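A.B. asks: Sharing a structure here in structure tokens format.
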Ligand SMILES: Cc1cc2nc3c(=O)[nH]c(=O)nc-3n(C[C@H](O)[C@H](O)[C@H](O)COP(=O)(O)OP(=O)(O)OC[C@H]3O[C@@H](n4cnc5c(N)ncnc54)[C@H](O)[C@@H]3O)c2cc1C
Ligand code: SF4
Ligand code: SF4
Ligand code: FES
């Protein structure tokens with residue numbers, strides 16, 4: 236692996252050069268929290284955040300997106316809408332890259348979804364290793380402390396400079412054309428290893444009290460437990476845990492029609508399996524009528540259903556659900572640890 | 014990311030023109046359609062389409078005609094909500110959007126040379142009719158054919174003309190029943206499972222195909238098993254909320270399966286132990 240190095244004092248110039256040539260989005264600080272947004276000048280870009288409120292999935296699966304536009308008169312006509320403007324996403328933590336990698340597989344498997352895939356292909360991802368751990372994160376225990384793919388460049392803060400790992404040819408030319416990198420020395424490379432293991436160590440303070448590979452089997456034996464009803468009794472069915480999760484991608488499809496009743500568009504919007512009507516059909520039948528069944532579905536989906544499709548759990552340990560859930564019952568660490576206790 | 018990039022959105026419908034409309038019952042209408050492009054729909058019995066009216070939305074609807082009637086196809090639709098109400102107010106010549114066909118199909122090939130026991134509850138007859146019509150068009154390729162149809166009351170019976178013909182045919186057995194009798198009804202009264210005592214099946218060579226409301230499956234499967242029909246020769250079609258038809262939106266998920274792609278037709282042995290399936 237060839238690692239490069241850029242001095243911190245050169246970072247602003249790198250960012251500025253990118254801004255000159257590309258649409259750049261990255262993490263910004265706003266009233267004590269961190270949010271992805273458009274970066275117009277290097278000072279706006281924050282690289283020492285712990286965790287953003289909303290994951291970067293919004294860049295590939297926007298909260299609402301037009302699938303096509305239609306006109307119903309004089310003749311019926313539809314025009315697909317697919318956005319693929321190149322952009323740079325600067326500052327994505329490895330756990331979020333892992334989530335994007337999973338989502339790539341979901342949207343490419345079976346019938347590919349070009350609305351997602353085109354946006355994804357248009358993006359250049361510059362990852363960054365975390366320097367801080369959010370209070371509820373447990374990505375180290377989820378095997379998401381580092382990723383080997385899914386980024387074009389990956390930055391690690393080693394004090395006075397950033398180590399830069401090149402993840403793709405696009406990333407290489409981006410770096411060479413917009414910054415002044417030099418090869419990293421062996422010592423500097425070793426420093427990266429040390430920094431990574433220190434931050435992982437901090438993150439490992441939260442995690443499962445048993446090996447996480449046992450979670451799918453644990454779930455296989457836990458379906459009928461009263462446990463779920465107990466846990467879900469405080470659930471507000473608000474769907475926030477779905478909204479903030481980087482591996483939740485369910486959507487609803489709806490038509491919007493203009494006041495002229497001629498023009499309109501079909502859109503998709505984020506949906507959430509915790510919401511009451513998620514599985515309800517027109518005849519009134521609701522395939523997940525109870526709060527407990529919806530609450531349980533989310534954990535089964537993360538720990539077992541998608542595990543069967545991806546061979547990996549669909550949770551990367553960001554802890555966003557845990558911080559966002561008002562009654563604080565959405566945290567996978569607490570839930571699976573309790574479930575395991577309950578089994579004994 | 015090196016998967017092939019498709020330019021075509023899988024969410025974009027093709028146009029179909031409504032060529033005939035028939036009122037089936039108070040709340041169901043039959044729509045015969047043809048793809049405007051002239052190409053055949055190309056379905057196999059048991060599959061469904063996503064039907065759309067621009068400005069209203071989309072809904073999954075089973076294809077009720079047999080694949081053999083190829084340049085046109087038929088959908089039978091119960092009026093229950095936004096899309097279905099909009100389509101009920103359309104007229105011959107109107108254009109609608111069609112995506113698909115989607116999903117798995119009945120064991121049309123596998124059951125060749127075997128006996129067939131069709132069990133339809135209510136509008137479950139809509140998808141089953143496609144297979145039944147196919148079998149009747151290829152009568153000599155299948156063994157015994159039995160059809161059991163149950164409706165809540167006489168006024169909810171669909172395809173009356175066809176039911177009459179099926180009843181008259183010598184080469185098939187057709188039996189029906191209603192849960193609650195009504196004016197002029199002289200037939201069987203009772204839930205659909207009561208019809209099982211009236212038939213004899215050669216269990217090892219019988220394929221049982223069941224489509225009906227969710228509550229019906231458990232009871233019908235018990236009857237089929239009691240007749241000795243092997244689990245792997247029982248097929249059913251499941252209904253779930255659907256929004257995309259291509260395994261993405263998550264609405265139709267049962268366990269790791271997506272009903273829109275891995276179903277709607279399932280072999281009983283593939284789902285009998287799946288939580289939330291039956
Ligand atoms: C595989 C399959 C085949 C079907 N075949 C037929 C058929 O042949 N004839 C028929 O009359 N009905 C059929 N249905 C049921 C039909 O899809 C619903 O009645 C229809 O979606 C109601 O839509 P709406 O817009 O009128 O109702 P609304 O209540 O306004 O529904 C809004 C949206 O929710 C979703 N939705 C609601 N109910 C259902 C449902 N039962 N299944 C899936 N999605 C739903 C749809 O996307 C729908 O557009 C089938 C359902 C499935 C899953
Ligand atoms: S678990 Fe928490 S965040 Fe999720 S729906 Fe329930 S109350 Fe809302
Ligand atoms: S389930 Fe919670 S911790 Fe896991 S990826 Fe989703 S939001 Fe993050
Ligand atoms: S209908 Fe969207 S996943 Fe099946």
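Chains as they are written, first to last, in our numbering: chain G, 236 to 579; chain L, 14 to 291.
Even glycine gets a Cβ: it sits at the ideal position worked out from N, Cα and C.
Nothing here was measured: the structure is a model prediction, and the numbers come from that model.
1) In the DSSP assignment, find the alpha helix (DSSP H) that holds residue 179 of chain L and state where it starts and stops.
2) Please return the same chain residues whose Cβ sits closer than 6 angstroms to the Cβ of residue 264 of chain G, not counting the five positions on each side in sequence.
3) Would you kindly check if the distance between the Cβ of residue 562 of chain G and the Cβ of residue 469 of chain G is under 8 angstroms?
4) Residue 273 of chain L: beta carbon under 7 angstroms from a heavy atom of ligand 4?
5) Excluding sequence positions up to five away, which residues of its chain have a Cβ less than 8 angstroms from the Cβ of residue 193 of chain L?
6) Is the beta carbon of residue 547 of chain G sitting closer than 8 angstroms to the one on residue 443 of chain G?
7) Within the continuous beta strand (DSSP E) that includes residue 265 of chain G, where are the two ends?
8) Which residue or residues does DSSP assign as beta-bridge partners of residue 304 of chain G?
9) CB-CB under 6 angstroms to residue 242 of chain G, same chain, minus the five flanking residues each way: which ones, in chain order?
10) Compute the beta-carbon to beta-carbon distance between residue 399 of chain G and residue 409 of chain G, rounded to the nearest angstrom, for a pair I have assumed lies under 8 angstroms.
11) Beta-carbon of residue 489 of chain G versus every beta-carbon of chain L: anything under 8 angstroms?
12) What residues of chain G sit near residue 227 of chain L, judged by a beta carbon separation below 7 angstroms?
13) In the DSSP assignment, what residue or residues form a beta bridge with residue 65 of chain L?
14) Report yes if the CB atom of residue 220 of chain L is closer than 8 angstroms to the CB atom of residue 129 of chain L, and no otherwise.
15) Could you check whether the Cβ of residue 22 of chain L sits closer than 8 angstroms to any Cβ belonging to chain G?
16) Can you pull the DSSP bridge partners for residue 48 of chain L?
17) Quick one: is residue 350 of chain G near chain L, going by C-beta distance under 8 angstroms?
18) List the residues of chain G whose Cβ lies closer than 9 angstroms to the Cβ of residue 60 of chain L, in chain order.
19) Tell me the rounded alpha-carbon separation between residue 304 of chain G and residue 503 of chain G.
20) Buried or exposed for residue 264 of chain L, going by 16 or more other Cβ atoms inside 10 Å?
21) Taking buried to mean at least 16 other C-beta atoms within 10 Å of its own C-beta, is residue 369 of chain G buried or exposed?
22) Considering only heavy atoms of ligand 3, list every residue whose Cβ is less than 6 angstroms from one of them, following chain order.
23) In three-state terms, what does DSSP make of residue 410 of chain G?
24) Give me whichever residues DSSP pairs with residue 417 of chain G in a beta bridge.
25) Specify, as a first and last residue, the run of the alpha helix (DSSP H) that residue 320 of chain G falls within.
26) Which residue comes first and which comes last in the alpha helix (DSSP H) that contains residue 191 of chain L?
27) Going straight from the alpha carbon of residue 532 of chain G to that of residue 508 of chain G, what length do you get?
28) In the DSSP assignment, the beta strand (DSSP E) including residue 280 of chain L goes from what residue to what residue?
29) Is it the case that the region 212–226 of chain L contacts the region 26–42 of chain L, given that we only count it when at least three CB pairs across the two stretches are under 8 angstroms?
30) Taking the straight line between their C-alpha atoms, what separation do you get for residue 319 of chain G and residue 353 of chain G?
31) Just to confirm the assignment: which complete alpha helix (DSSP H) runs, minimum length 4, are found wholly within the region 79–158 of chain L?
32) Closest Cβ-Cβ distance between residue 515 of chain G and chain L: below 8 angstroms?
33) Whole-angstrom Cβ separation of residue 121 of chain L and residue 58 of chain L, contact assumed at under 8 angstroms?
34) I want to verify the contact list: residues of chain L whose CB lies under 7 angstroms from the CB of residue 307 of chain G, in sequence order.
35) Is it the case that the CB of residue 338 of chain G approaches a heavy atom of ligand 4 more closely than 7 angstroms?
36) If you measure from each CB to the nearest heavy atom of ligand 1 and keep those under 5 angstroms, what residues do you get, in chain order?
C.D. replies: Checking against the coordinates, here is how it stands:
1) 173–181 is the extent of the alpha helix (DSSP H) around residue 179 of chain L.
2) 281
3) yes
4) yes
5) Cβ-Cβ distances below 8 angstroms link residue 193 of chain L to 165, 166 and 202 in the same chain, with the five nearest sequence neighbours on each side left out; the list follows chain order.
6) Going by beta carbons, residue 547 of chain G and residue 443 of chain G fall outside the 8 angstroms limit.
7) 258–265
8) G:314 and G:500
9) For residue 242 of chain G, where only same-chain residues beyond five positions count, the Cβ hits under 6 angstroms are 396.
10) Contact doesn't hold; Cβ gap of about 10 angstroms is too wide.
11) With 8 angstroms as the cut-off, residue 489 of chain G counts as an interface residue toward chain L.
12) 520
13) L:71 and L:110
14) yes
15) yes
16) L:29
17) yes
18) Under the 9 angstroms cutoff, chain G gives no residues; its nearest Cβ is about 14 angstroms from residue 60 of chain L.
19) 12 angstroms
20) buried
21) buried
22) G:479, G:480, G:481, G:482, G:537, G:550, G:551, G:552, G:553, G:554, G:555, G:556 and G:567
23) Reduced to three states, the DSSP call for residue 410 of chain G is helix.
24) Per DSSP, G:240.
25) Neither: residue 320 of chain G is in no alpha helix (DSSP H) and is coded neither H nor E.
26) Element bounds for residue 191 of chain L: not the alpha helix (DSSP H) but the beta strand (DSSP E), 186–191.
27) 8 angstroms
28) 278–280
29) no
30) 5 angstroms
31) 95–101 and 138–150
32) yes
33) Confirmed, Cβ separation roughly 6 angstroms.
34) 67 and 68
35) no
36) G:516, G:517, L:61, L:70, L:72, L:73, L:74, L:75, L:90, L:91, L:93, L:94, L:95, L:96, L:97, L:139, L:252, L:254, L:255 and L:277
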